[in-house]
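Here's the structure we're looking at; comments come further down.
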Amino acid sequence: SYIDVMLGDWSALREEAYIVDMTYHQDVRPTQELQPYFSLYVLCITIELMDNFVSLGVKLKLTCDEEELGVAYWYRDFLTSSLVSQMGTMRQGRIAARELQFAKQMKKQSNESQQQPTKKTHKGGKKKGKAKKASSNNNNNGVPPAQPTPTPEDLEDDFDFMLCNAKRTMSRGIVRFL
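So in this note's numbering, spot 79 of the sequence shown is number 1005, and the numbers just go up one at a time.
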């Protein structure tokens, strides 16, 4: 009966995540394609919990022989591969959203700079311009950066992604060794 309860809860959690995603899509971003943010998050957390369960079983020596260890590490390889795939999907969506936002911001800045006069002359014929001031704000001599700078959260996510890749590689190596 424990498995029935657990699978029922998992099914309910997936359905609720889907409802949240659809509500967000309808309320906030009806013109864009559906990105299942909450569903991916729930799936990643669940896979991490399953991986921790298998890892604890190995650490507590609940597996008795090489065959059981081989199965445990094979399953851990499967879980970490799934997790890497889901994390990659989430990262691609986040990067695409950030690039879209950055492009909108750059377009807005270029529209503002085209609408404002760039140079004014004084009595002595000297030019005083806003273009020079604007170019000093972009640290690249007036050329805007090609892409946004990563935030501390991005660096943490990159570290988690690399750590998950390392776990997957170690699990595969142990399976092959056994």
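From the three backbone atoms N, C-alpha and C, an ideal C-beta is built for every residue, glycine too. The model shown is predicted, which means the values in this text are computed figures rather than measured ones.
Our two residues, residue 1097 and residue 945, have alpha carbons roughly 35 Å apart in a direct line. Burial check for residue 949: the Cβ neighbour count within 10 Å stays below 16, so the residue is exposed. For residue 1027, the three-state secondary structure derived from DSSP is helix.
Beyond the five residues adjoining it in sequence on each side, residue 1104 comes within less than 8 Å, by CB distance, of 992, 995, 996, 999 in the same chain, given in chain order.
A direct Cα-Cα distance of roughly 54 Å separates residue 983 from residue 1033. Collapsing the DSSP output to three states places residue 977 in a helix.
Boundaries of the alpha helix (DSSP H) harbouring residue 1083: 1078 to 1103, taken from the DSSP string.
For the 8 Å CB-CB criterion, residue 1019 and residue 961 form a contact.
A direct Cα-Cα distance of roughly 35 Å separates residue 1083 from residue 990.
By the Cβ neighbour-count rule, residue 986 is exposed, with fewer than 16 other Cβ atoms within 10 Å of its own.
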